[in-house]
Amino acid sequence: SLDRSATTLSGGEAQRIRLATQIGSALEVRVLRVGRERTPRGVLRVPGTGRAFAVDPSGTYGAAVTDQGTYRFGLKVADPTASLTKVAGPAGDVEFGKDATLYVLDAKQLHAVSADGAVKWTRPLVDGRRLAVGVRPVVLDGTDTLIAFSPQNGAQDVLAPVGPIQDLVASADGRWIGVIAEARRAVLFRLQ
-19 SLDRSATTLS GGEAQRIRLA TQIGSALEVR VLRVGRERTP RGVLRVPGTG
31 RAFAVDPSGT YGAAVTDQGT YRFGLKVADP TASLTKVAGP AGDVEFGKDA
81 TLYVLDAKQL HAVSADGAVK WTRPLVDGRR LAVGVRPVVL DGTDTLIAFS
131 PQNGAQDVLA PVGPIQDLVA SADGRWIGVI AEARRAVLFR LQ
């Protein structure tokens, strides 16, 4: 089951919680305006069985991955369904950068899709497993290789080896990537 939700705050608006819920053969994106509504309301449906869901930091765009592909859509438009666009095939994960670039991770490549929907760059991977986005997108490639990519052109930097990695996360300010290595220690990398 898909257990993803994204909470975003928009300037001057009440807090909005955005969720993705599987309803039959589609993934339904719902919004709850905290303090104004009692139940979430459906915004749009994405075809297929859900795998991943993300909302950009401004709450303007959303992305969903299903078994039928990776889709990007507007959340602050009059008709979000009309903005639904397939940007890639099925993927393992999606995350947005602060500039609304959508990063789409599958096992063999990382795509960067700009806010206007154009593919900025694509880089090959050996075995892409996890994605964290700070000031740079970082991919766990295989079990022990961390690759940081330039948001502008996809240039790669391999981060220092730390052994087998179980998980990674970006700090709230995006300047640090934290990893759990060898199932027993935490390691921090400062991104520049």
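Using my numbering, read the sequence shown as starting at -19 and increasing by one per residue. Glycine included, each C-beta is placed from N, C-alpha and C at the ideal position.
Taking 8 Å as the upper bound for CB-CB distance, G154 and G114 are in contact here, some 3 Å apart. Going by beta carbons, V35 and A71 fall outside the 8 Å limit. In this chain, A58 is not harboured by any beta strand (DSSP E), its DSSP state being neither H nor E. Measuring C-alpha to C-alpha distances from K100 to each of R18, F129 and L111 identifies F129 as the nearest. For E162, same chain residues with a beta-carbon under 7 Å away, outside a window of 5 residues either side, are G143 and P144 in chain order.
Distance between A135 and L12, taken at the CA atoms: about 39 Å.
Ranked by how close their Cα comes to the Cα of L111, the residues S94, K88 and D96 have K88 in first place. For A6, the enclosing beta strand (DSSP E) stretches over residues A6 to R13. In this structure, the alpha-carbon of R165 lies about 16 Å from that of T125. Contact annotation, T40 with A68: C-beta distance approximately 20 Å; criterion of less than 8 Å not satisfied.
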